[in-house]
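I have placed the structure first, in the form of structure tokens, so that the comments after it can refer back to it.
Chains as they are written, first to last, in the numbering used here: chain L, 482 to 902; chain C, 3 to 412.
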């Protein structure tokens with residue numbers, strides 16, 4: 482790349498922390514970036530976290546700074562509710578077909594929220610992972626960017642569900658005539674930052690997810706702990722809204738398991754230690770049990786592990802939970818494992834169970850890729866792609882946020898090279 | 003565990019267990035899913051997680067005198083749920099084979115009977131030569147004692163007289179059975195020493211009540227009922243077990259009838275007619291044996307590669323012997339009835355004799371493989387498992403009941 486040369490056009494697929502970072506780093510170096518996100522807002526999984534480990538600070542501050550950088554950078558074009566339908570070509574000459582679904586709310590929206598009371602159709606709150614509901618016209622979450630309401634067509638034709646809301650909007654921001662648009666564009670480099678999703682834990686035999694109300698997974702636990710979550714940050718049992726006096730964390734639920742997902746996501750240990758902190762901070766009497774095979778707390782993270790371990794109300798039991806049963810009258814759960822250090826089988830009754838489920842790579846989703854992409858045996862994008870594609874963050878391997886940021890920055894540099902003349 | 007563990011790894015033993023079907027044992031990462039999903043794992047001494055690490059470490063002494071390997075009934079619920087594909091069920095089976103070989107007395111028999119290369123010699127050549135030898139010495143012995151067999155005119159007795167049959171099989175079976183007794187005593191001592199070293203094994207129940215409870219469990223096969231994924235194993239084993247017991251009773255009764263009853267002044271009823279209760283028992287037993295062993299073979303053959311028990315030579319030799327003994331027994335029986343129906347009392351001189359005797363010879367060879375080698379083949383599992391079940395009751399390894407403890411917070 483010469484000093485005054487072409488900086489290139491870069492497509493970033495996925496607007497989570499990795500995609501945002503890659504887009505910013507590339508744009509700030511001079512490239513023209515198109516950032517495509519399928520949800521109506523940027524932030525992805527990280528926006529749904531309560532606190533980061535090990536610093537125990539909220540992700541919102543990092544997201545806020547990064548979104549300001551996105552917002553103020555004219556070289557980033559952000560497309561939300563957008564997906565890449567088709568892509569072909571190679572380095573320096575990719576051709577993508579991008580589908581932009583209608584938001585039904587235009588830029589005049591001031592997020593005053595007056596429309597909401599005129600809509601009486603509800604939808605599951607996807608930001609809160611289905612806990613609670615919003616109206617069909619809704620603000621994804623308070624810090625969402627773009628800061629605009631959106632209408633969910635999945636619960637009914639917006640012309641019906643939001644006709645009154647459209648009339649009521651004092652700014653004329655609701656445009657029910659919006660339609661999907663298809664756009665063809667050319668790029669020099671493509672970065673897949675499609676991230677991860679939690680697995681469907683109902684398939685994990687013996688763990689009772691989906692059958693027992695008080696068995697939740699770790700991403701749900703983040704929402705239950707977050708101040709902007711469905712419980713305003715109060716950790717409570719789904720069955721009776723009581724604060725749990727005892728919680729078992731089940732590590733490696735469906736992970737490192739040939740029957741489900743073979744890979745270790747590498748972050749669930751730290752996530753559970755962090756969530757144990759959430760519980761203990763809210764309830765000084767709460768008892769925590771962490772059932773593990775190995776605790777993975779590499780490098781400086783070990784200090785956090787050591788600190789959490791000091792807690793007298795926290796027991797670490799080496800042994801995987803293979804069976805969970807429910808007392809249907811009380812909603813209490815009994816988790817069974819063998820404590821392999823003592824060689825005894827243990828059955829512990831607890832109020833609530835958190836399954837530490839892993840990160841399932843999202844690959845290329847439904848995008849049709851000419852020539853295909855190379856995935857590893859777990860579904861993560863391989864580092865070297867036949868068509869020269871780049872991958873960043875959890876699309877490539879399961880990692881924590883800090884590693885995503887470093888990785889995305891490095892990948893942005895590679896993309897700049899592809900775009901340079 | 004009370005003290006630091008001094009490991010004396012036996013790497014050769016690890017290789018042997020791997021060769022005997024435990025090939026995936028090194029994949030185990032000690033999560034203990036197996037010990038939890040096992041319906042038979044018991045409280046003071048859960049298995050098979052600890053056996054997996056002992057096998058990885060090559061702790062031969064621990065494993066061969068571990069009662070818990072025998073409390074496992076091979077349902078493979080553990081292998082199905084194992085997250086690593088380490089197949090704890092197959093590893094346990096391989097360790098059991100090694101235990102039988104270890105306690106074999108004389109030990110060379112344990113190695114020979116279970117050596118795949120020695121199968122043609124041990125299962126065919128040796129019994130055939132010994133039986134042929136017995137037939138060769140028959141004439142000289144009868145002449146020396148001036149003995150005329152009162153049953154000599156009977157169809158098969160003409161070929162292989164009862165006195166010879168009983169003398170031959172009883173002496174050889176008792177001989178190897180003596181070896182089994184030695185093995186069982188050593189096993190019992192090993193279990194006690196093993197538990198003592200681990201600070202376990204305090205007697206909970208007396209020997210007699212323990213034996214009664216273990217026998218009841220054996221007779222009802224209730225522990226097979228804890229298997230969830232392969233429930234069909236219970237009826238197959240149940241049929242083969244009772245079929246064998248029925249045939250054993252009939253054989254014993256026939257000996258008593260021929261050689262003991264005359265001394266008591268009771269007329270010998272042998273050979274039994276088709277409607278004699280003993281003959282009915284024999285035929286029912288034979289059918290049970292064939293159906294049970296046949297079902298076992300079909301189940302084993304169709305076992306999916308994934309998590310289900312993969313049978314080894316050790317298993318196949320035993321189930322096929324059971325089936326072939328049953329089938330050859332019926333062929334021999336049918337020949338007899340057909341020959342006697344056609345030629346009456348002179349059946350032994352009829353044209354049926356030669357093929358019938360050939361099958362009878364084969365039947366005797368197969369019976370030899372089953373009975374004489376019992377203490378060294380998979381058949382020995384019956385006795386070692388019974389001993390372990392008695393020991394298990396004795397030391398409070400209470401089986402399926404879940405007496406689980408809470409997490410110790412201290």
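Don't be surprised by glycine CBs; every beta carbon is placed ideally from N, CA and C.
Nothing here was measured: the structure is a model prediction, and the numbers come from that model.
Within chain C, partners of residue i - CB distance below 9 Å
i, result
"residue 803/L", "33, 34, 35, 36, 37, 38, 39, 83"
"residue 839/L", "Correct list: empty, because the minimum Cβ distance to chain C is about 12 Å."
"residue 747/L", "Within chain C, no residue comes near residue 747/L; the closest Cβ sits about 16 Å away, beyond 9 Å."
Distance between residue j and residue i (C-alpha atoms, nearest Å)
i, j, result
"residue 684/L", "residue 39/C", "16 Å"
"residue 566/L", "residue 552/L", "25 Å"
"residue 643/L", "residue 593/L", "16 Å"
"residue 537/L", "residue 579/L", "38 Å"
"residue 162/C", "residue 22/C", "38 Å"
"residue 197/C", "residue 203/C", "5 Å"
"residue 761/L", "residue 719/L", "18 Å"
"residue 87/C", "residue 360/C", "47 Å"
"residue 875/L", "residue 895/L", "17 Å"
"residue 897/L", "residue 512/L", "7 Å"
"residue 364/C", "residue 158/C", "13 Å"
"residue 515/L", "residue 559/L", "6 Å"
"residue 616/L", "residue 631/L", "10 Å"
"residue 182/C", "residue 391/C", "17 Å"
"residue 626/L", "residue 518/L", "11 Å"
"residue 189/C", "residue 396/C", "15 Å"
"residue 35/C", "residue 624/L", "43 Å"
"residue 652/L", "residue 646/L", "11 Å"
"residue 750/L", "residue 582/L", "38 Å"
"residue 266/C", "residue 258/C", "10 Å"
"residue 698/L", "residue 286/C", "56 Å"
"residue 429/C", "residue 114/C", "The shown model of chain C, from 3 to 412, leaves out residue 429/C, and the question about it has no answer."
"residue 306/C", "residue 840/L", "30 Å"
"residue 370/C", "residue 807/L", "54 Å"
"residue 714/L", "residue 778/L", "26 Å"
"residue 19/C", "residue 57/C", "8 Å"
"residue 9/C", "residue 55/C", "12 Å"
Interface partners of residue i on chain L, CB under 7 Å
i, result
"residue 87/C", "739"
Chain-order list of residues whose beta-carbon lies under 6 Å from that of residue i (same chain, five-residue window excluded)
i, result
"residue 899/L", "572, 669, 670"
"residue 893/L", "503, 506, 507"
"residue 17/C", "none"
"residue 164/C", "153, 260"
"residue 886/L", "502"
"residue 570/L", "576"
"residue 496/L", "516, 518, 523"
"residue 872/L", "673, 862"
"residue 229/C", "77"
Residue i CB to nearest heavy atom of the ligand ATP below 7 Å
i, result
"residue 102/C", "You won't find the ligand ATP in this model; it holds no ligand whatsoever."
Partners in chain C for residue i, counting only beta-carbon separations shorter than 8 Å
i, result
"residue 686/L", "83"
"residue 689/L", "Residues of chain C passing the Cβ test: none, with the nearest at roughly 14 Å."
Cβ shell of residue i (< 7 Å), same chain only, five flanking positions each side left out
i, result
"residue 548/L", "523, 626"
field: Near-chain C residues of the stretch 815-827 of chain L - C-beta to any C-beta below 8 Å
entry: Going along the stretch 815-827 of chain L in chain order, one finds 817, 818, 819, 820, 821, 823, 824, 825, 826, 827 with a Cβ nearer than 8 Å to chain C.
- prompt: Got a sec: which bits of the stretch 44-69 of chain C sit with their beta carbon under 7 Å from any beta carbon on chain L, in order along the chain?
  reply: For the stretch 44-69 of chain C, the beta-carbon criterion of a distance under 7 Å to any beta-carbon of chain L is satisfied by 45, 48, 51, 52.
message: Just to confirm the assignment: which complete alpha helix (DSSP H) runs, minimum length 4, are found wholly within the stretch 76-125 of chain C?
response: For the stretch 76-125 of chain C, whole alpha helix (DSSP H) runs of length 4 or above, ordered along the chain, are 79-83, 90-105, 109-115.
- prompt: Mind listing which residues of the stretch 769-787 of chain L have their C-beta closer than 7 Å to chain C's C-betas, in chain order?
  reply: Of all residues in the stretch 769-787 of chain L, the ones placed with a Cβ closer than 7 Å to any Cβ belonging to chain C are 770, 774, in chain order.
Every unbroken beta strand (DSSP E) inside the stretch 286-320 of chain C [3 residues or more]: Counting only runs of 3 or more, we get nothing.
query: Which runs of the alpha helix (DSSP H) fall wholly inside the stretch 335-409 of chain C and span at least 4 residues, in chain order?
result: At a cut-off of 4 residues, the continuous stretches assigned as alpha helix (DSSP H) that sit fully inside the stretch 335-409 of chain C are 355-373, 383-396.
Inside the stretch 763-803 of chain L only - alpha helix (DSSP H) runs reaching at least 4 residues: Segments of the alpha helix (DSSP H) lying fully in the stretch 763-803 of chain L: 782-790.
query: Using Cβ-Cβ distances below 9 Å, what residues of the stretch 859-879 of chain L are close to chain C?
result: Residues passing the 9 Å Cβ filter: none.
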